[in-house]
Amino acid sequence: MLSERRLEVLRAIVQDYVGTEEPVGSKALTERHQLGVSPATIRNDMAALEDEGFIAQPHTSAGRIPTDKGYRLFVDKLAGVKPLSSPERRAIQNFLDGAVDLDDVVGRTVRLLAQLTRQVAVVQYPSLTRSTVRHVELLALAPARVMLVLITDTGRVEQRLIDCQAPFGETSLADLRARLNSRVVGRRFADVPQLVQDLPESFEQDDRGTVSTVLSVLLETLVEETEERLVIGGTANLTRFGHDFPLTIRPVLEALEEHVVLLKLLGEAKDSGMTVRIGHENAHEGLTSTSVVAVGYGSGDEAVAKLGVVGPTRMDYPGTMGAVRAVARYVGQILAES
Numbered sequence: 044m045l046s047e048r049r050l051e052v053l054r055a056i057v058q059d060y061v062g063t064e065e066p067v068g069s070k071a072l073t074e075r076h077q078l079g080v081s082p083a084t085i086r087n088d089m090a091a092l093e094d095e096g097f098i099a100q101p102h103t104s105a106g107r108i109p110t111d112k113g114y115r116l117f118v119d120k121l122a123g124v125k126p127l128s129s130p131e132r133r134a135i136q137n138f139l140d141g142a143v144d145l146d147d148v149v150g151r152t153v154r155l156l157a158q159l160t161r162q163v164a165v166v167q168y169p170s171l172t173r174s175t176v177r178h179v180e181l182l183a184l185a186p187a188r189v190m191l192v193l194i195t196d197t198g199r200v201e202q203r204l205i206d207c208q209a210p211f212g213e214t215s216l217a218d219l220r221a222r223l224n225s226r227v228v229g230r231r232f233a234d235v236p237q238l239v240q241d242l243p244e245s246f247e248q249d250d251r252g253t254v255s256t257v258l259s260v261l262l263e264t265l266v267e268e269t270e271e272r273l274v275i276g277g278t279a280n281l282t283r284f285g286h287d288f289p290l291t292i293r294p295v296l297e298a299l300e301e302h303v304v305l306l307k308l309l310g311e312a313k314d315s316g317m318t319v320r321i322g323h324e325n326a327h328e329g330l331t332s333t334s335v336v337a338v339g340y341g342s343g344d345e346a347v348a349k350l351g352v353v354g355p356t357r358m359d360y361p362g363t364m365g366a367v368r369a370v371a372r373y374v375g376q377i378l379a380e381s
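Heads up, the final residue of the sequence shown is numbered 381 in the working numbering, and it's a clean run with no missing numbers.
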């Protein structure tokens, strides 16, 4: 275990390197921080931190920079989550409150995260597999054509057109709508198939075929929409950090195009806690020079999806973690109220 003083030296090195983009020397630490010890002692502490792999010397200068291991220790033991100021919180709320539907919420969230953190923002759409049914609407478009509208507790709306086997009257349609909603509203999508399997039998013989067709389309919708969707924004922010990526940022950009990779980076949506993956902790080769800060969001206690940012390992971790957490909280509130 590192002594408290050496932890403070590491904290100072991380803060200075993130702020100045320059390797940090003992002289600079003595001048900028009240560490209460001599420059010689600080040099000894830096040598010990280097021996243990927390900092490294990028070239022959006297300065040192944090390693992935050093950033990890900083995040785990030294970095509190920086709270947002009142004006920042109001700006988030005002920006997100203007959203008109789920697509708008996700789009605004991506732009907001990218602006707040100056990193690449990634937002996952709420997953239907973790959602519940808010309402099922059935609309007659023609005597034998119906529109199915499925609305989730997260505000997601799915629409399907259904060509029925025979004309289906308004009275029968209203009856099906009422019976269907009485069974599935407030229930998880995974439970819906079992809840509606015997519904056709409760209708007159002439209507059972149409009811079965409607239910088939409903269940197909649940299966089709299990594919996870992502929105990415702020990729241009990476160009500000060109010198943070060895050789080129191209591998990073290529990795960001692969949504499967990003979904793995964000992690399981059911895990609502914050995760920070640093450098080589990211399994994808193109992202070993980046860090990922992600957290779950949802309309209740359980997360329905993840959001986060990707940026260079030389990141303002306290500020980024604070911004990601605050935005996730507001998005969750909007989903709960929608």
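For each residue, glycine too, the CB sits at the ideal point set by N, CA and C.
> For K349, which residues does DSSP report across the bridge?
Replying inline: Position 306 of the sequence shown, counted from the first residue, corresponds to residue 349. Paired residues: G339.
>> On the CB-based measure, 16 or more other CB atoms within 10 Å of its CB, does D241 come out buried or exposed?
In response: Start at 1 with the first residue of the sequence shown, and residue 241 comes out as number 198. The Cβ neighbour count for D241, taken over all protein chains shown within 10 Å, is under 16; the residue is labelled exposed.
>> Here's a check: name, in chain order, each residue in its chain whose Cβ is nearer than 8 Å to the Cβ of G310, leaving out the five neighbours to either side.
In response: What you label residue 310 is simply residue 267 of the sequence shown in a count that begins at 1. So the qualifying residues of the chain are T318, A337, K349.
> Between which two residues does the beta strand (DSSP E) containing H178 stretch?
Replying inline: Along the sequence shown, read from residue 1 onward, the residue named residue 178 stands at position 135. The continuous beta strand (DSSP E) containing H178 extends over residues 176–185.
> Starting from D206 and walking both ways along the beta strand (DSSP E), at which residues does that stretch end?
Replying inline: Walking along the sequence shown from the start, residue 206 turns up at place 163. Start and end: 200–206.
> Along the chain, which unbroken stretches of the beta strand (DSSP E) at least 3 residues long are found entirely within the stretch 287–325?
Replying inline: Runs of the beta strand (DSSP E) inside the stretch 287–325: 318–321.
>> By the three-class DSSP mapping on this structure, what secondary structure does V124 have?
In response: Sequence index remark: in the sequence shown, residue 124 carries index 81 (1-based). The answer is coil: DSSP assigns V124 none of H, G, I, E or B.
>> Taking contact to mean 3 or more Cβ pairs, one atom from each stretch, closer than 8 Å, check whether the stretch 324–334 and the stretch 128–140 are in contact.
In response: As far as the Cβ criterion goes, the stretch 324–334 does not touch the stretch 128–140, which means the pair count is below three.
>> Short of 6 Å in beta carbon distance, which residues of its chain neighbour T160, apart from the five on each side in sequence? Order them along the chain.
In response: For the purposes of this step, residue 160 is identified with residue 117 of the sequence shown, where counting begins at 1. Hits under 6 Å: V352, T363, A366.
> Just checking my contact of V163 with I321 at CB under 8 Å: how many whole Å lie between their CB atoms?
Replying inline: Numbered from its first residue, the sequence shown carries residue 163 at position 120. Numbered from its first residue, the sequence shown carries residue 321 at position 278. Between I321 and V163 the Cβ distance is about 16 Å, and since that is not below 8 Å, they are no contact.
>> Given a cut-off of 8 Å on the beta-carbon distance, is the pair L273 and V166 in contact?
In response: Residue numbering aside, residue 273 sits at position 230 when the sequence shown is read from its first letter. Residue numbering aside, residue 166 sits at position 123 when the sequence shown is read from its first letter. In this structure, V166 lies closer than 8 Å to L273 by Cβ.
> Mind pulling the beta strand (DSSP E) runs of 3 or more residues that sit fully within the stretch 45–127?
Replying inline: Whole beta strand (DSSP E) segments, 3+ residues: zero.
> Apart from the five residues on each side of it in sequence, which residues of its chain come closer than 8 Å, Cβ to Cβ, to L306?
Replying inline: Looking up residue 306 in the sequence shown gives position 263. Closer than 8 Å at the Cβ level, and outside the excluded window around L306, lie Q167, E271, L273.
>> For T195, list the residues DSSP reports as bridge partners.
In response: Looking up residue 195 in the sequence shown gives position 152. The partner list for T195 (beta bridge, DSSP) reads V176.
> Is the beta carbon of T356 sitting closer than 8 Å to the one on Y60?
Replying inline: The count along the sequence shown starts at 1 and reaches residue 356 at position 313. The count along the sequence shown starts at 1 and reaches residue 60 at position 17. In this structure, T356 keeps its C-beta atom at 8 Å or more from the C-beta atom of Y60.
> Beta-carbon of T152 versus every beta-carbon of chain D: anything under 8 Å?
Replying inline: Absent from the structure: chain D. Only one protein chain is present.
> So, is V239 buried or exposed, given that buried needs 16 or more other C-beta atoms within 10 angstroms?
Replying inline: Position 196 of the sequence shown, counting from 1, holds the residue named residue 239. Result: buried.
>> I'd like the list of long-range same chain contacts for V153, defined as Cβ closer than 6 Å, with 5 residues on each side in sequence excluded.
In response: Along the sequence shown, read from residue 1 onward, the residue named residue 153 stands at position 110. Counting only residues of its own chain and dropping the five nearest sequence neighbours on each side, V153 has a CB closer than 6 Å to the CB of A164, V166, V274, G276.
> With distances taken from CA atoms, which of V143, R132, R177, H178 is nearest L156?
Replying inline: By 1-based counting over the sequence shown, the position of residue 156 is 113. Nearest C-alpha to L156: R132.
> What residue does the beta strand (DSSP E) around V166 start on, and which one ends it?
Replying inline: Sequence index remark: in the sequence shown, residue 166 carries index 123 (1-based). Per DSSP, the unbroken beta strand (DSSP E) holding V166 starts and ends at 163–167.
> Going by beta carbon distance, what residues of the same chain come within less than 8 Å of R230, once the five residues before and after it are set aside?
Replying inline: Counting from one through the sequence shown, the residue named residue 230 turns up at place 187. Non-local C-beta neighbours of R230 in its own chain, meaning closer than 8 Å and more than five positions away in sequence, comprise T175, V176, L238, ordered along the chain.
> When the Cα atoms are used, what is the spatial distance from Q248 to V260?
Replying inline: The sequence position of residue 248 within the sequence shown is 205, counting from 1. The sequence position of residue 260 within the sequence shown is 217, counting from 1. Rounded to whole angstroms, Q248 and V260 show a C-alpha spacing of 20 Å.
>> Taking the alpha carbon of R220 as the reference point, which residue from Q208, V189, A209, D196 has its own alpha carbon closest?
In response: Counting from 1 along the sequence shown, the entry for residue 220 is found at position 177. Checked all of Q208, V189, A209, D196; the closest Cα to R220 is V189.
> Name the DSSP bridge partner or partners of P355?
Replying inline: Indexing the sequence shown from 1 puts residue 355 at position 312. Under DSSP, P355 forms a beta bridge with T333.
> Nearest to A369 by alpha carbon, out of D359, Y340, M358?
Replying inline: Reading the sequence shown from its first residue, position 326 is the one you call residue 369. For the residues D359, Y340, M358, the minimum Cα distance to A369 belongs to Y340.
> Which partner residues does I275 have in the DSSP bridge list?
Replying inline: Position 232 of the sequence shown, counting from 1, holds the residue named residue 275. Note: I275 sits in a beta bridge opposite V165.
> Does the separation of the CB atoms of L262 and P243 fall below 8 Å?
Replying inline: Your numbering for residue 262 matches position 219 in the sequence shown. Your numbering for residue 243 matches position 200 in the sequence shown. No.
> Closest by CA to V187, which one among V149, S170, D250?
Replying inline: If you number the sequence shown from 1, residue 187 lands on position 144. Residue 187 is actually Ala in this sequence, not Val. It is D250 whose Cα lies nearest to the Cα of A187.
>> For the pair the stretch 92–110 and the stretch 53–68, tell me if three or more CB-CB distances fall below 8 Å.
In response: Yes, since at least three Cβ pairs between the stretch 92–110 and the stretch 53–68 fall closer than 8 Å, the two stretches touch.
> Is the CB-CB distance between R203 and T256 below 8 Å?
Replying inline: Within the sequence shown, numbered from 1, the residue matching residue 203 stands at position 160. Within the sequence shown, numbered from 1, the residue matching residue 256 stands at position 213. No. Outside cutoff.
> Thinking just about the alpha-carbon of each residue, which of H76, R49, A71, L127 is nearest to the one in D94?
Replying inline: Within the sequence shown, numbered from 1, the residue matching residue 94 stands at position 51. Nearest to D94 by C-alpha distance, out of H76, R49, A71, L127, is R49.
>> On the DSSP bridge list, what partners appear for M190?
In response: The count along the sequence shown starts at 1 and reaches residue 190 at position 147. In the DSSP output, where bridge partners are listed per residue, M190 has L182, L204.
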